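K.L.:
Under full-length UniProt numbering, read the sequence shown as residues 1 to 537, first letter to last. Using N, Cα and C, we set each Cβ at its ideal position, and we do this for glycine too. These numbers come from a predicted model, not from an experiment.
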Amino acid sequence: MPLNLSNHPFCSITSNLNKTVESFNNFISSIINHDKNQNFSPDNAASSLLSTSSLAIAQPVKLNTQVKKPLSFKFPFSSWFGRKEDKKDIQFKGFVCEGASNLPSNIFEDLIRSRYGEIVDTHSLNELIQSVNGWYKDNGLFGRVSNLEVLANGIINIKVLETEVNNIDLQFFDRLTGEPTAGKTKPETIFRQLDTKKGDVYGLFRAQRDLKAIYDMGIMENVNIISKPGNAGKLDLTLNLVEGVNTGFHPDLGLTVNGLSSRLIGNFEYFNKNLFGKNQKLNVSWKGSGQHDFNFGISYVDPCIDDKRTSRTIALQKSRTPLFDRVFAGLEFSRHLREKWRGASGLIYHRVGTTGNETRDDMLLAKFESEYSDNCRNSKILFRMEQGLPIVPGWLGFNRVSVDAKKDVEVGPACLRLRLSGGHMVGDFSPHEAFAIGGTNSVRGYEEGAMGSGPSCLVASGEVSLPLFMGVKGTVFADYGSNLGSGSVVAGDGGAAIGYGHGVGIVWDSPLGPLRLECALNDRGERKIHLGGGFRD
């Protein structure tokens with residue numbers, strides 16, 4: 001039985017709200033429970049409802065319930081600010097707000113400037129409620145106006161309810177069975193990634209950032225947040241976590257073919273992405289194809305030093321080719337400066353010599369990096385500068401600057417990958433420190449550095465990949481490279497170097513990681529087959 005109150009002003013917020021609602025419910029019950037064979041007279045029910053001071057006198061209407069039509073009851077509300085004949089209109093003077101720890105003051109300042117001295121009515125109160133509730137909604141926070149009272153002096157008393165976080169719990173699940181299990185990751189490793197803390201107002205946007213931060217650790221396969229009511233109107237949060245495969249040993253074999261000659265290569269890699277349950281990463285790798293062609297490396301990464309979001313990387317590397325013998329040791333510190341931006345700095349010791357020769361070049365490099373990464377737009381820009389520090393006589397001193405930009409563009413099921421890189425260096429440097437052009441991560445179709453080298457370089461690459469079947473993608477690519485005519489500066493180089501390569505390939509997303517098989521043809525008519533793992537650098 002609907003009550004027709006559409007022609008009368010009504011304000012739903014009052015200091016006597018609870019009492020009024022209770023009386024209103026009793027009134028409705030008396031209507032529903034009356035004897036259907038008798039006419040209904042609302043005098044007694046109305047007197048109960050009107051026992052509150054919030055309502056004016058109702059006008060009872062006798063109804064014939066034998067006639068089937070909507071039941072209506074007249075309530076000429078005089079406004080819950082009092083009867084117009086007894087009270088004057090209230091002019092708006094200001095606000096008193098309780099419980100709004102996150103609400104900015106400018107919300108009320110703007111309303112005061114625009115409505116000061118105006119008559120307080122239902123419309124203005126609704127606008128106020130919508131402004132406050134709208135701010136919480138737009139900012140993804142759980143908050144709303146819970147009560148509102150207009151005082152006689154024109155001050156509006158607003159009570160805001162902000163839903164706070166009570167407890168945050170972790171629950172790990174087995175990645176294969178889906179059953180609850182004991183996780184290997186320490187709780188403090190997870191909690192330090194969260195911006196949401198106990199006592200904070202729960203926010204959807206902050207929760208999304210927390211999920212991304214946990215995913216970015218690289219050790220979780222699945223993460224979600226479940227909320228449920230807690231004590232005193234607060235929320236209890238549970239993070240459901242599924243750990244991925246964080247340790248492994250990957251042996252691999254490859255074949256490289258150049259004309260009629262071929263060479264079998266092998267490598268192994270051991271990795272642990274969650275060492276000691278602290279998200280510390282250890283990687284040990286070896287790759288080689290004989291006594292005079294190998295690369296051995298160890299790297300250790302601690303993502304948070306003393307619970308600060310500054311990571312530390314220690315790397316050691318020993319490599320040998322038929323031309324060069326290298327020893328490398330480095331220490332680097334990295335930190336997210338702001339959203340999407342990362343900065344890094346460190347020191348690198350580098351010793352390089354020709355294989356079978358006692359002559360060596362030593363250098364100590366100060367390294368600075370700045371990286372912009374936007375995962376939503378699939379783009380990345382990396383700026384790197386290295387400065388040689390000749391602290392010992394005979395050590396090399398030079399400056400090298402490089403920029404690398406990448407962009408992925410989704411076109412239906414296909415993906416277009418674009419890359420542009422370049423660099424320049426000045427100072428006292430050896431030929432092996434110049435930019436080498438050609439190879440798997442430069443211009444495909446050439447051996448490593450076979451196109452040429454120089455203190456300046458420019459390399460561009462485009463690749464289109466298209467899914468074929470069961471985790472296998474087909475690729476078509478084209479690469480271009482040039483030393484910008486700077487090769488004459490490097491001893492032993494032929495001068496200007498410019499060339500390109502193009503070809504096709506397949507990429508299999510195997511359990512051991514991506515495996516690539518590519519066949520490339522360069523501008524000199526030479527063919528080269530690349531077989532290896534991982535993504536292009």
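Per the DSSP calculation, residue 220 is bridged to which residue(s)?
P.N.:
Start at 1 with the first residue of the sequence shown, and residue 220 comes out as number 220. Residue 220 is bridged to 243.
K.L.:
Express the C-alpha separation of residue 246 and residue 389 in angstroms, rounding to a whole number.
P.N.:
Taking the sequence shown and counting its residues from 1, one reaches residue 389 at position 389. Taking the sequence shown and counting its residues from 1, one reaches residue 246 at position 246. Whole-angstrom Cα-Cα distance: 38 Å.
K.L.:
Here's the rule: buried if 16 or more other CB atoms are within 10 angstroms of the residue's CB, otherwise exposed. What is residue 459?
P.N.:
Here residue 459 refers to the residue found at position 459 of the sequence shown. Per the 10 Å Cβ criterion, buried.
K.L.:
Give, in chain order, every unbroken run of the alpha helix (DSSP H) that is at least 4 residues long and sits entirely within the segment 162-221.
P.N.:
Counting only runs of 4 or more, we get 187-191, 204-215.
K.L.:
Which class does residue 433 belong to by DSSP, given the choice of helix, strand or coil?
P.N.:
Walking along the sequence shown from the start, residue 433 turns up at place 433. The answer is helix: DSSP assigns residue 433 an H, G or I state.
K.L.:
Going by beta carbon distance, what residues of the same chain come within less than 7 Å of residue 521, once the five residues before and after it are set aside?
P.N.:
Translated into the one-based positions of the sequence shown, residue 521 becomes position 521. Contacts found: 445, 501, 502, 503, 527.
K.L.:
Which same chain residues end up closer than 6 Å to residue 213 when comparing Cβ atoms and leaving out the 5 residues on each side of it in sequence?
P.N.:
What you label residue 213 is simply residue 213 of the sequence shown in a count that begins at 1. Here the set comprises 193.
K.L.:
Tell me which residues share the same chain as residue 91 and place their Cβ nearer than 8 Å to its Cβ, disregarding the 5 neighbours each side in the sequence.
P.N.:
Residue mapping note: residue 91 aligns to position 91 of the sequence shown, counting from 1. Cβ neighbours of residue 91 beyond the five flanking positions: 117, 118, 119, 120, 154.
K.L.:
Could you tell me which of 323, 513, 462 sits nearest to residue 568, measuring between CA atoms?
P.N.:
Outside the displayed span of the chain (1 to 537) sits residue 568, for which this structure offers no information.
K.L.:
What are the start and end residues of the alpha helix (DSSP H) that includes residue 115?
P.N.:
Walking along the sequence shown from the start, residue 115 turns up at place 115. Segment 106-115, the alpha helix (DSSP H) holding residue 115.
K.L.:
Count the other CB atoms, across all protein chains shown, that sit within 10 Å of the CB of residue 457; report buried if there are 16 or more and exposed otherwise.
P.N.:
Working through the sequence shown from its first residue, we reach residue 457 at position 457. Buried is the call here.
K.L.:
In angstroms with no decimal places, state the Cα-to-Cα distance between residue 188 and residue 536.
P.N.:
Counting from one through the sequence shown, the residue named residue 188 turns up at place 188. Counting from one through the sequence shown, the residue named residue 536 turns up at place 536. Going from the Cα of residue 188 to the Cα of residue 536 covers about 34 Å.
K.L.:
Does the segment 300-313 touch the segment 276-283, meaning 3 or more C-beta pairs lie closer than 8 Å?
P.N.:
Yes: the two stretches touch, three or more of their Cβ pairs being nearer than 8 Å.
K.L.:
What are the start and end residues of the beta strand (DSSP E) that includes residue 544?
P.N.:
The displayed coordinates of the chain run from 1 to 537. Any statement about residue 544 would go beyond what the structure contains.
K.L.:
Assign residue 469 to buried or exposed, taking buried as 16 or more other Cβ atoms, counted over all protein chains shown, within 10 Å of its Cβ.
P.N.:
Position 469 of the sequence shown, counted from the first residue, corresponds to residue 469. Exposed, by the Cβ-count rule.
K.L.:
Tell me, please, whether the CB atom of residue 251 is closer than 8 Å to any CB atom in chain B?
P.N.:
Protein chain content of the structure displayed is limited to a single chain, and chain B is not contained in it.
K.L.:
Going by C-alpha distance, which of 113, 165, 240 is nearest residue 199?
P.N.:
One-based indexing of the sequence shown puts residue 199 at position 199. Here the closest residue by C-alpha is 165.
K.L.:
Which residue wins for smallest C-alpha separation from residue 399, given the options 455, 211, 499?
P.N.:
Position 399 of the sequence shown, counted from the first residue, corresponds to residue 399. Cα-wise, what sits closest to residue 399 is 455.
K.L.:
Within the same chain, show all residues whose beta-carbon is closer than 6 Å to that of residue 108, passing over the 5 residues directly before and after it, in chain order.
P.N.:
Sequence index remark: in the sequence shown, residue 108 carries index 108 (1-based). Correct list, in chain order: 95.
K.L.:
Hey, how far is the Cα of residue 195 from the Cα of residue 235?
P.N.:
Here residue 195 refers to the residue found at position 195 when the sequence shown is read from its first residue. Here residue 235 refers to the residue found at position 235 when the sequence shown is read from its first residue. If I take the Cα positions, the gap works out to 16 Å.
K.L.:
Residue 428 by DSSP, collapsed to three states: which one?
P.N.:
As a first step, residue 428 is located in the sequence shown; it is residue number 428 there, counting from the start. Reduced to three states, the DSSP call for residue 428 is strand.
K.L.:
State the start and end residues of the unbroken alpha helix (DSSP H) segment that holds residue 407.
P.N.:
Taking the sequence shown and counting its residues from 1, one reaches residue 407 at position 407. Counting along the chain, residue 407 falls outside any alpha helix (DSSP H), though it belongs to the beta strand (DSSP E) covering 397-411.
K.L.:
Count the C-beta pairs between the segment 336-344 and the segment 401-409 that are closer than 8 Å, then say yes if the count reaches three, no if not.
P.N.:
These segments do not touch.
K.L.:
Might you give, ordered along the chain, the residues of its own chain that have their beta carbon closer than 8 Å to the beta carbon of residue 210, omitting 5 neighbours on each side?
P.N.:
Against the sequence shown, residue 210 aligns to sequence position 210. Cβ within range, chain order: 193, 194, 195, 196, 225.
K.L.:
Confirm, please, whether the CB-CB distance from residue 244 to residue 160 is below 8 Å.
P.N.:
Taking the first residue of the sequence shown as position 1, residue 160 is located at position 160. Taking the first residue of the sequence shown as position 1, residue 244 is located at position 244. The answer is no: Cβ separation not under 8 Å.
K.L.:
Which of the three DSSP states is assigned to residue 538 in this structure?
P.N.:
Here the chain has residues from 1 to 537 only, and residue 538 is not among them.
K.L.:
Do you know whose CA, among 93, 127, 122, 132, lies nearest residue 103's CA?
P.N.:
Walking along the sequence shown from the start, residue 103 turns up at place 103. It is 132.
K.L.:
Quick check on residue 478: does DSSP put it in helix, strand or coil?
P.N.:
Locating residue 478 in the sequence shown gives position 478, counting from the first residue. Reduced to three states, the DSSP call for residue 478 is strand.
K.L.:
So, helix, strand or coil for residue 138, using DSSP?
P.N.:
Along the sequence shown, one-based indexing puts residue 138 at 138. Here residue 138 sits in helix by DSSP.
K.L.:
Compare the Cα-Cα distances from residue 401 to each of 409, 416, 383 and report the closest residue.
P.N.:
Along the sequence shown, one-based indexing puts residue 401 at 401. It is 383.
K.L.:
Just to confirm my understanding: we take residue 142, look at its own chain, exclude 5 residues before and 5 after, and list those with CB closer than 6 Å. What are they?
P.N.:
The residue you call residue 142 lines up with position 142 of the sequence shown. Cβ within range, chain order: 163, 202.
K.L.:
Taking C-alpha atoms, which residue in 272, 479, 412 lies nearest to residue 420?
P.N.:
Reading the sequence shown from its first residue, position 420 is the one you call residue 420. Nearest C-alpha to residue 420: 479.
K.L.:
Is residue 97 near residue 168, with beta carbons less than 8 Å apart?
P.N.:
Indexing the sequence shown from 1 puts residue 97 at position 97. Indexing the sequence shown from 1 puts residue 168 at position 168. No, these two residues do not count as a Cβ contact at 8 Å.
K.L.:
If you draw a straight line from the alpha carbon of residue 218 to that of residue 309, how long is it in whole angstroms?
P.N.:
Here residue 218 refers to the residue found at position 218 when the sequence shown is read from its first residue. Here residue 309 refers to the residue found at position 309 when the sequence shown is read from its first residue. Computed Cα separation, rounded: 15 Å.
K.L.:
Going by beta carbon distance, what residues of the same chain come within less than 8 Å of residue 359, once the five residues before and after it are set aside?
P.N.:
Against the sequence shown, residue 359 aligns to sequence position 359. Contacts found: 353.
K.L.:
Need the endpoints of the beta strand (DSSP E) that residue 516 sits in, please.
P.N.:
By 1-based counting over the sequence shown, the position of residue 516 is 516. Unbroken beta strand (DSSP E) run through residue 516: 513-522.
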